[in-house]
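There are 4 protein chains.
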Amino acid sequence: MIIKAVVWGENVHEQTNQIVADLYPDGMHGEIAAALNAAGGITATTATLRDPEHGLSEDRLADTDVLLWWGHAAHGDVSDEIVERVADHVNAGMGLILLHSAHFAKIFKRLMGTPCNLTWREAGERERLWVTSRNHPIAAGLPDHFELEHEEMYGEPFGVPEPLETVFLSWFPGGEVFRSGLPHKRGAGTVFYFPPGHEPYPTSPDANVPRVLATP
Amino acid sequence: MIIKAVVWGENVHEQTNQIVADLYPDGMHGEIAAALNAAGGITATTATLRDPEHGLSEDRLADTDVLLWWGHAAHGDVSDEIVERVADHVNAGMGLILLHSAHFAKIFKRLMGTPCNLTWREAGERERLWVTSRNHPIAAGLPDHFELEHEEMYGEPFGVPEPLETVFLSWFPGGEVFRSGLPHKRGAGTVFYFPPGHEPYPTSPDANVPRVLATP
Amino acid sequence: MIIKAVVWGENVHEQTNQIVADLYPDGMHGEIAAALNAAGGITATTATLRDPEHGLSEDRLADTDVLLWWGHAAHGDVSDEIVERVADHVNAGMGLILLHSAHFAKIFKRLMGTPCNLTWREAGERERLWVTSRNHPIAAGLPDHFELEHEEMYGEPFGVPEPLETVFLSWFPGGEVFRSGLPHKRGAGTVFYFPPGHEPYPTSPDANVPRVLATP
Amino acid sequence: MIIKAVVWGENVHEQTNQIVADLYPDGMHGEIAAALNAAGGITATTATLRDPEHGLSEDRLADTDVLLWWGHAAHGDVSDEIVERVADHVNAGMGLILLHSAHFAKIFKRLMGTPCNLTWREAGERERLWVTSRNHPIAAGLPDHFELEHEEMYGEPFGVPEPLETVFLSWFPGGEVFRSGLPHKRGAGTVFYFPPGHEPYPTSPDANVPRVLATP
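Taken in order, these protein sequences are the chains called H, G, Y and E. If you read the first sequence in numbering that gives the first Met the number 0, its first letter stands for residue 0, the second for the next number, and so on. If you read the second sequence in numbering that gives the first Met the number 0, its first letter stands for residue 0, the second for the next number, and so on. If you read the third sequence in numbering that gives the first Met the number 0, its first letter stands for residue 0, the second for the next number, and so on. If you read the fourth sequence in numbering that gives the first Met the number 0, its first letter stands for residue 0, the second for the next number, and so on.
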């Protein structure tokens, strides 16, 4: 069975930040979709904030198994109507993976019911992710821990409901920890927050990240 | 320590349905508040939909430990601004108990992130509640099961996230079951849904119901 | 990928009760294995109490993805050494499905850490199972509820730890309810208790039961 | 209401290690009991491995609300009969707090059903504990995080079942993280594992540790 994925990106930093534009000529959403298509068993397409209906029409969502959401600078520009539409599709069974700063996306706060606040520091730090639930499908084949060299620090306290399981825990050199792989079910759909992917720090070189994203 | 409770009621059926008006001359909210005040250790006051700010000003919520919410016919009349205000106070630590048809209250759907749908039938049926988590504080001192004679049937599937624990399960003679005591944490606050209390069927005669409501 | 399943049966009632022997000429374990083999994608074999090492040698368990356990009359005859061996394999990733009276099997109590007590009544009653977690893989494709005509009643309170999710709830005409589909993770393995299957009441005619058993 | 606590200690290191003997003239169990008695609302007594029935007679356990268990070097010397007795009392409602190396105590493995393995390193490192569930009673009044100067490192992966909530997360300078405050319910009792307290590194100076232990 082929999983149908849509990678949604704001496509803002790519237009306004030359470093980001150079790193991701097809946009971060394009890069993520390419990694998913390369993983096998997945057909990934892209959608962005500036598309009509943000690229998330009723018909397209009805034909989507998993939606990946990358947002950071323009959460407020996402239409409330589209947020409700996405929430309806999650409750009806669509998977939703929130990437990086999407902890503050309207759709994540809408589905969690909490402020989704966290502490943060942008210093290009090493992040070490520990696997704490070995038999969760999303951790299949991963080592006990793996590292990303240049990440933004996201730390506890993290204002989300208790997840079904804590799948990853992150360690940062500055003394912080973070529950960095959290599955929540909402209706018949699963919501998974996974923070790596700060825009000027390309995480794709680490083979473990696309492996995580390609799982559901 | 005295727990400060506010019992919020729509106060709609009491004005429009003579049976309800006769059963609850002080309103259902007034009856519940009286039962809580009689329980000891609690100071309960009331608030209703028609009060300014629905009786839920910032100052009053800041001075409230637990808010009990009874709603059925007028969910749509509750202001979105007040819903956000109550959600903020729950996330900051206020307890919230949803009674009866409040599974469809805006504030419950806002905090759960799901449609909160269920099946139902109004036939004045016997409901038997089984205690499935004996050491949850809310079940302290309750027998293995207890019955309410004339309840509306609320049944599975119930569209809410998995709770921290399933504290009560209800049995109905028509073949339905229902997870009828569900604690969810949201931020620093606990949300508890407890369905007994259909308006024309007075449940207060059963001593176990006020015992549950008086717990937090 | 083919799932390698072993169906373990006491094979006691089949030898001592003529009704059971006539109903299941190949034993209940044989009948269950045949249903799994017919489901596709599974290779199921059998093992019984009287086999050397109860049919559960180190080598065989190392080559098993899922072990199904049917026990009722002879829990005390199972060797403690084999129980520890099975527990080790579950913690290392093997799935374990406990059927019917296996709630009192040594291996289930060993993995739960609780007495696993429940209430029961043998009266050939109708059992209605409601699906309470629609997107759990084990409930895939099932209707909202389905019925088994002649089951032993198993009811709350059920002395097990809170599961990751409550997947099924059972209703009985006598006024009882039961959490009848409970996944617990232990180490890298999943343990799933599913009670249908009282020996003189053949449940196999209902197509939904093999569908549940064939899932993991 | 006064909480009746028993602090159980192996009392082995105190007899064999001069550093430990000098640090804790009344034994670590005596020091912990004194801190609890000083906290108010608690009456704490002690019991040790060498006492008859390890100091845990049926009558004494029947009169105990919370048992604190400190063990490290002599897990194998604890009688299986006493372990079963303690497990029965937990399932019947007694609280159990496991300290430091008690993750490998027979009683903890008996109640978890898993190997309870973890990674470790003894190097007198700084441990920073983050509070991840603010409204859990055991975290009441604690700051966002607090530090212990000289602890043994205990790290993930930690082989226990998913807890009801993750209350504390620990950070270590060497790159490790640990779920260091985990409540599990077993029957009517709550089991709480809390790792600080390596024998040659006195943690008592930090006021937050007795605050945690005094909570239940």
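Glycine included, every Cβ here is placed at the ideal spot set by N, Cα and C.
- Put simply, the region 128-135 of chain H does not touch the region 91-108 of chain H. Fewer than three CB pairs are less than 8 Å apart.
- Per DSSP, G/L181 is one residue of the beta strand (DSSP E) stretching across V176 to R185.
- If you draw a straight line from the Cα of H/A139 to the Cα of Y/W170, it comes to about 37 Å.
- With respect to the C-alpha of G/A37, the residue from G/H71, G/L55, G/I1 and G/I18 having the closest C-alpha is G/I1.
- The shortest CA-to-CA distance from H/T15 to any of H/F145, H/A73 and H/G188 is the one to H/A73.
- Per DSSP, reduced to three states, the secondary structure at H/A37 is helical.
- Ranking H/L95, H/H53, H/N90 and H/H88 by CA distance to the CA of H/D76 puts H/H53 first.
- 8 Å or more divides the Cβ of Y/L110 from the Cβ of Y/M93.
- When secondary structure is reduced to three states using DSSP, G/F145 falls in the strand class.
- Beyond the five residues adjoining it in sequence on each side, H/T47 comes within less than 8 Å, by CB distance, of W7, G8, E9, N10, G26, H28, H53 and G54 in the same chain, given in chain order.
- With a contact defined as Cβ atoms closer than 8 Å, G/G158 and G/A91 miss out at about 26 Å.
- H/E155 carries a coil assignment under DSSP once its states are collapsed to helix, strand and coil.
- When C-alpha distances from Y/P156 are compared across Y/S179, Y/P24 and Y/L22, the shortest belongs to Y/S179.
- In the DSSP annotation of this structure, the continuous segment of the alpha helix (DSSP H) that includes Y/F107 starts and ends at K105 to M111.
- Within chain E, R127 and W170 have C-beta atoms less than 7 Å from the C-beta of H/G174, given in sequence order.
- No Cβ of chain E is located within less than 8 Å of the beta carbon of Y/K105.
- Cβ neighbours of G/L163 within its own chain (closer than 6 Å, five residues either side excluded): P182.
- A distance below 8 Å between beta-carbons, with the five flanking residues on each side excluded, links H/A61 to the following residues of its chain, in chain order: H88.
- For a cut-off of 8 Å, the C-beta gap from E/V19 to E/H12 is around 4 Å, short enough to register as a contact.
- The C-beta of G/S78 has fewer than 16 other C-beta atoms within 10 Å across all chains shown, which makes the residue exposed.
- Counting the other CB atoms within 10 Å of its CB gives Y/E126 a total of 16 or more, which places it among the buried residues.
- When the beta-carbon positions are compared, Y/E121 and Y/E151 come within less than 8 Å of each other.
- For G/R49, the three-state secondary structure derived from DSSP is coil.
- Beta-carbon to beta-carbon, H/G186 and G/T113 are separated by about 5 Å, close enough to satisfy the 8 Å threshold.
- Linking E/L22 to G/A86 through their CA atoms gives a straight-line distance of about 49 Å.
- Cβ atoms of G/L98 and G/F193 come within 8 Å of each other, at about 6 Å.
- Within chain G, the residues N134 have their CB atoms less than 9 Å from the CB of E/T189, given in chain order.
- In the displayed model, Y/E83 falls within a helix according to three-state DSSP.
- Listed as beta-bridge partners of E/F167 by DSSP are E/V130 and E/G180.
- DSSP places H/A20 inside the alpha helix (DSSP H), whose first and last residues are Q17 to L22.
- At the C-beta level, Y/G70 and Y/A33 stay beyond 8 Å of one another.
- The CB of Y/K184 comes closer than 8 Å to the CB of S132, N134 and E164 in chain H, given here in chain order.
- The three-state secondary structure of Y/E57, taken from DSSP, is helix.
- A residue is called buried when at least 16 other Cβ atoms come within 10 angstroms of its Cβ; Y/P195 meets this threshold and is buried.
- For H/G70, the nearest beta carbon of chain Y is not closer than 8 Å to its own beta carbon.
- It is roughly 19 Å from the alpha-carbon of G/K3 to the alpha-carbon of G/I81.
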